[in-house]
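Quick note, the sequences are listed as chains R and W, same order.
Residues in the first sequence are numbered consecutively from 1, following UniProt numbering.
Residues in the second sequence are numbered consecutively from 1, following UniProt numbering.
There are 2 protein chains.
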Amino acid sequence: MFPIMEYKERIKKTKEKMALEGIDVLLITNPSNMNYLSGYDAWSFYVHQMLVVTLKEEQPFWIGRKQDANSAKATTWLDQKNIYSYTDDYVHSITKHPMDVIARVLDEKGLNNCVMGVEKENYYFTAKAYEQLQKGIPNVVFKDSTLLVNYVRMIKSDLEIEYMKRAGTIVEKAMKTAIEEINVGVRENEVVAQIYHSQIWGTEKYGGDYPAIVPLLPSGERTSSPHITWSDQTYKLGDYVIIELAGCYQRYHAPLARTLAIGEPSQEATDLAAVVNEGICETLDFIKPGVTCEEIEEVWRTTIAQHGFIKDSRIGYSMGLSYPPDWGEHTASLRAGDKTILRPNMTFHLIPGIWYDDFGIEISESFVVTEKGIETFAKFPRDLYVK
Amino acid sequence: MFPIMEYKERIKKTKEKMALEGIDVLLITNPSNMNYLSGYDAWSFYVHQMLVVTLKEEQPFWIGRKQDANSAKATTWLDQKNIYSYTDDYVHSITKHPMDVIARVLDEKGLNNCVMGVEKENYYFTAKAYEQLQKGIPNVVFKDSTLLVNYVRMIKSDLEIEYMKRAGTIVEKAMKTAIEEINVGVRENEVVAQIYHSQIWGTEKYGGDYPAIVPLLPSGERTSSPHITWSDQTYKLGDYVIIELAGCYQRYHAPLARTLAIGEPSQEATDLAAVVNEGICETLDFIKPGVTCEEIEEVWRTTIAQHGFIKDSRIGYSMGLSYPPDWGEHTASLRAGDKTILRPNMTFHLIPGIWYDDFGIEISESFVVTEKGIETFAKFPRDLYVK
């Protein structure tokens with residue numbers, strides 16, 4: 001939980017954007033946005049729930065499943081009267097839909113004839129949910145407000161940065177564990193078991209929260225399939241392993257990627273790692289308030305081009321507070337065409353990589369933009385690790 | 001991976017249902033359904049992807065992000081020519097949507113003037129995705145086919161049951177760990193760190209996969225908030241803890257819940273645990289092929305009513321193969337009104353509970369319906385555990 005004043009400030013900024021875009025009522029179904037504005041935190045996003053912000057009322061209100069209303073009381077700063085719920089017969093029913101109850105609540109509160117923002121491109125706002133909502137309050141004009149709150153979230157408060165630094169300390173431990181545990185004959189799942197232990201145990205002072213993505217550590221030819229998850233096969237001599245994982249503290253993330261060679265790496269791999277490292281150094285050196293996302297990607301691209309690598313791709317994204325299935329914030333991307341101007345307390349995951357046909361090198365840093373440059377959340381050497 | 005014949009059998013059953021419902025083309029975006037029909041398995045469901053089944057073609061085809069096409073090649077039984085992809089500039093872009101590419105692929109394949117089933121109530125099929133798809137192939141008649149494949153999945157093959165038994169062995173270990181580790185002065189996250197280690201390490205023979213829901217172990221007054229996740233606070237003497245977690249083997253789940261008292265439990269708690277246990281015994285004894293879901297719930301309800309407890313609720317659901325955020329299959333529920341008839345090789349999580357104001361008892365079993373009754377996946381005494 002953050003101080004109530006911080007939540008009120010976030011609500012204020014959200015309302016300012018709503019007013020600017022002509023939105024009277026904002027229905028927030030993205031769990032990260034719900035958490036950001038109310039503090040709500042529970043693994044209940046697998047059923048329909050939302051937070052409703054209106055221009056007129058000071059507090060937002062929460063609507064969700066009855067048994068989760070207790071979680072709302074326990075984790076949010078909202079008054080009890082602003083917590084509404086639906087009964088369990090609406091859960092995974094083929095005849096009843098939670099949006100019918102939600103539409104009724106909105107209707108009874110007089111929110112049935114206005115401009116309403118909905119997060120159309122959010123995992124937890126299904127096509128069906130939108131249909132039912134439209135049926136329930138037919139006089140409402142709906143607007144797509146998918147990233148409205150996400151953009152408010154982009155510039156973090158100092159306390160949010162502090163949480164991400166704690167996540168950074170946790171990810172250092174988890175990455176150290178991964179590098180220690182990976183070896184010939186060890187099963188991939190055994191390494192992940194140890195990584196999870198590090199991620200959740202956290203530090204003496206700060207316990208770890210669950211990251212929004214599971215640890216990924218594809219090896220051998222699977223390094224070209226970055227989102228494939230672990231198996232119970234063993235690592236082999238000659239494998240390269242790309243390790244991508246995050247530390248998480250109270251839903252705030254610090255992701256990190258490193259590459260490891262099991263056995264002596266080839267000259268080609270060592271050279272490639274040096275190129276990636278040079279690219280990262282140049283890129284991080286360039287970043288400061290005022291530069292744009294596309295300028296950052298250009299520095300990376302021109303640096304590696306000097307070594308003959310032509311690669312035009314997204315090399316990072318804004319991130320921070322998140323829930324599964326992704327720790328990305330879905331706002332700014334470090335890629336050509338993204339003209340977002342960097343400001344202090346924005347936070348990114350810079351994750352470039354270069355792949356040959358049979359292996360690749362991926363090394364990343366999570367960082368906060370400071371007054372003069374950047375600071376990485378984890379302090380972890382960017383070597384090509386060798387076992 | 002299952003034998004190809006098993007995938008073909010699943011496709012056959014899916015097509016039979018499609019034909020019956022007048023659906024020419026089925027767009028599958030639920031990652032569990034994609035896995036079930038193709039074998040596809042990667043943490044890539046945070047971007048748009050789908051599997052397309054047509055009545056005319058033998059194999060389905062996969063469409064997703066370019067870098068995930070390698071995962072499709074590595075994990076599915078599909079020919080390479082049936083794997084299509086979109087480039088990275090479509091990922092989390094505010095100007096381009098992956099469904100535009102997907103609509104184009106469908107259009108080019110002549111699937112632009114037919115009846116198309118879509119999973120409208122699926123986490124990974126957003127309101128926006130549906131809108132873009134409708135724009136891209138405007139002559140298509142869309143039908144809601146949310147649970148079409150889920151219902152095919154309800155009756156498991158013997159090999160699927162074997163996978164769930166392996167998950168059952170893993171959950172026994174994870175629950176044993178939880179009960180051993182919870183104690184006065186131990187932080188909640190430290191217990192979860194050990195649980196994760198057990199879940200993922202698995203057994204000597206079978207490595208653990210990530211369960212679709214994180215371990216839940218609310219204590220004290222938080223036992224009335226079943227979906228609240230762990231903190232880094234320590235357990236206290238007198239706390240009751242409800243532990244709900246799953247073993248997972250290659251995406252197949254065996255969930256289990258037990259209740260633990262830290263310190264001597266009150267007479268009230270011991271009595272309540274006895275009632276819950278009696279209810280579970282009577283309910284499990286009753287289950288066999290031919291009975292209905294609502295009859296099962298009625299047995300539970302009348303058994304606890306003999307002890308003065310009136311509770312009318314959902315006490316379980318069909319489950320098995322799944323991805324986050326839920327391990328439930330969203331088909332049959334053990335509750336009043338659900339007339340689903342049980343068949344051999346259906347699999348359920350029976351999770352009843354009774355709550356007082358200040359604490360509750362929750363004890364569960366995952367089971368498979370056999371020819372004559374049921375068999376639980378985990379063999380784990382249903383005691384009220386005391387530390």
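Every residue gets a Cβ at the ideal spot worked out from N, C-alpha and C, and that includes glycine.
Neighbour list for W/F125 in chain R, Cβ cutoff strictly below 7 Å: Working through the second sequence from its first residue, we reach residue 125 of chain W at position 125. By Cβ distance, chain R contributes T126, A127.
Cβ distance (whole Å) where R/D41 is taken to contact R/N35 below 8 Å: As a first step, residue 41 of chain R is located in the first sequence; it is residue number 41 there, counting from the start. As a first step, residue 35 of chain R is located in the first sequence; it is residue number 35 there, counting from the start. Rounded to whole angstroms, the Cβ separation of R/D41 and R/N35 is 6 Å, and the two are in contact under 8 Å.
Within 8 Å, strictly: CB atoms of R/N151 and R/R258: What you label residue 151 of chain R is simply residue 151 of the first sequence in a count that begins at 1. What you label residue 258 of chain R is simply residue 258 of the first sequence in a count that begins at 1. Per the sequence shown, the amino acid found at residue 151 of chain R is Tyr instead of Asn. Judged by their CB atoms, R/Y151 and R/R258 are not nearer to each other than the 8 Å cut-off.
W/A274 burial status per 10 Å Cβ neighbour count (16 or more: buried): Mapped onto the second sequence, residue 274 of chain W falls at position 274. Exposed, by the Cβ-count rule.
Neighbourhood of R/L342 by C-beta, 6 Å cutoff - its chain only, sequence neighbours within 5 removed: Position 342 of the first sequence holds residue 342 of chain R. Excluding sequence neighbours, R/L342 sits near P289, V291, V369.
CB contact flag (R/T223, R/Y240, <8 Å): Translated into the one-based positions of the first sequence, residue 223 of chain R becomes position 223. Translated into the one-based positions of the first sequence, residue 240 of chain R becomes position 240. Yes, Cβ-Cβ distance for R/T223 and R/Y240 is below 8 Å.
Under 7 Å by beta carbon: chain W residues contacting R/A74: Position 74 of the first sequence holds residue 74 of chain R. The contacting residues are R222, S225, I228.
Environment of R/G22 [buried if 16+ CB atoms lie within 10 Å]: Here residue 22 of chain R refers to the residue found at position 22 of the first sequence. So R/G22 ends up on the exposed side.
R/H330 at chain W interface by Cβ criterion, 8 Å: Along the first sequence, read from residue 1 onward, the residue named residue 330 of chain R stands at position 330. R/H330 belongs to the set of residues whose beta carbon lies under 8 Å from a beta carbon in chain W.
Contact set between W/H349 and chain R, taken where Cβ atoms lie within less than 7 Å: Residue mapping note: residue 349 of chain W aligns to position 349 of the second sequence, counting from 1. For W/H349, none of the residues of chain R pass the 7 Å Cβ criterion, the least Cβ distance being about 13 Å.
Coil, strand or helix - R/M346 by DSSP: Translated into positions along the first sequence, residue 346 of chain R becomes position 346. Looking at R/M346 - three-state DSSP - the assignment turns out to be strand.
Under the three-state DSSP convention, the category W/G328 falls into: On the second sequence, residue 328 of chain W is found 328 positions in, with the first residue counted as 1. Strand at W/G328.
Any chain R beta carbon closer than 8 Å to W/F2: Taking the second sequence and counting its residues from 1, the one referred to as residue 2 of chain W is at position 2. No - not a single Cβ of chain R is within 8 Å of the one on W/F2.
Cβ neighbour criterion (16 or more within 10 Å) applied to W/V91: Indexing the second sequence from 1 puts residue 91 of chain W at position 91. It counts as buried.
Chain-ordered residues of the segment 36-55 of chain R with a beta carbon less than 9 Å from chain W: The residues in question are D41, A42, W43, S44, F45, Y46, V47.
Given 8 Å, three or more beta-carbon pairs between the segment 82-102 of chain W and the segment 49-68 of chain W: yes
CB of R/V149 within 8 Å of CB of R/L55, strictly: Working through the first sequence from its first residue, we reach residue 149 of chain R at position 149. Working through the first sequence from its first residue, we reach residue 55 of chain R at position 55. No, they are not a contact pair.
Cβ contact check for the segment 207-222 of chain R and the segment 163-183 of chain R: 3 or more pairs under 8 Å: yes
Cβ-based burial, R/N139 [other Cβ within 10 Å; buried from 16]: Within the first sequence, the letter at position 139 stands for residue 139 of chain R. It counts as exposed.
Sub-8 Å separation of R/G117 and R/L26 beta-carbons: In the first sequence, the residue the question calls residue 117 of chain R occupies position 117. In the first sequence, the residue the question calls residue 26 of chain R occupies position 26. Yes. Within cutoff.
Per-residue contacts from W/S71 into chain R (C-beta, under 7 Å): The sequence position of residue 71 of chain W within the second sequence is 71, counting from 1. Taking a Cβ-Cβ threshold of 7 Å, the residues of chain R close to W/S71 are S225, H227, I228, in chain order.
Ordered list of alpha helix (DSSP H) runs contained in the UniProt domain "Creatinase N-terminal" (10-155) of chain R, each at least 4 residues: 31-38, 66-75, 98-108, 127-136, 148-153
Interface positions of the segment 130-152 of chain W facing chain R (Cβ-Cβ less than 8 Å), listed along the chain: Y130, E131, D144, T146, L147
Interface flag, W/Y86 vs chain R, CB-CB below 8 Å: Along the second sequence, one-based indexing puts residue 86 of chain W at 86. No, because no Cβ of chain R sits closer than 8 Å to the Cβ of W/Y86.
Residue nearest to residue 393 of chain R in terms of C-alpha spacing, selected from R/W355, R/K372, R/R251, R/C281: Chain R is shown only over 1 to 387; residue 393 of chain R falls outside these bounds and no answer can be derived.
Residue span of the alpha helix (DSSP H) that contains R/Y196, given as start and end: For the purposes of this step, residue 196 of chain R is taken as the residue at position 196 of the first sequence. In the DSSP assignment, R/Y196 falls within the alpha helix (DSSP H) that extends over 188-201.
Chain-ordered neighbours of W/L216 on chain R, where CB pairs are closer than 8 Å: Residue numbering aside, residue 216 of chain W sits at position 216 when the second sequence is read from its first letter. The answer, in chain order, is W43.
Strand pairing of W/E375, partner residues [DSSP]: Locating residue 375 of chain W in the second sequence gives position 375, where the first residue counts as 1. DSSP output for W/E375 lists W/V368 as bridge partner(s).
Range covered by the alpha helix (DSSP H) that runs through R/V276: Numbered from 1 along the first sequence, position 276 holds the residue referred to as residue 276 of chain R. Looking at the DSSP string, the run of the alpha helix (DSSP H) that includes R/V276 is 267-286.
Host beta strand (DSSP E) of W/Y240 (start-end): Indexing the second sequence from 1 puts residue 240 of chain W at position 240. Segment 240-249, the beta strand (DSSP E) holding W/Y240.
Start-to-end residues for the alpha helix (DSSP H) that takes in W/T302: Stepping through the second sequence from its first residue, residue 302 of chain W is reached at position 302. Residues 293-305.
Residue 392 of chain W versus W/S44 - alpha carbon distance: This structure cannot speak to residue 392 of chain W, because chain W is shown only from 1 to 387.
Cβ separation of R/S225 and W/A74, assumed to be a contact under 8 Å, to the nearest whole Å: Sequence index remark: in the first sequence, residue 225 of chain R carries index 225 (1-based). Sequence index remark: in the second sequence, residue 74 of chain W carries index 74 (1-based). At roughly 6 Å, the Cβ-Cβ gap stays under 8 Å, so R/S225 and W/A74 are in contact.
C-beta contact flag for W/Y235 and W/E180 at 8 Å: Taking the second sequence and counting its residues from 1, one reaches residue 235 of chain W at position 235. Taking the second sequence and counting its residues from 1, one reaches residue 180 of chain W at position 180. Not a contact, by the Cβ cut-off of 8 Å.
Neighbour-count burial assignment, R/P352, 16 or more Cβ in a 10 Å radius: As a working mapping, residue 352 of chain R is identified with position 352 in the first sequence. Classification of R/P352: buried, given that the 10 Å Cβ count is 16 or more.
Where R/L216 sits in the DSSP three-state scheme: Translated into the one-based positions of the first sequence, residue 216 of chain R becomes position 216. Three-state result, R/L216: strand.
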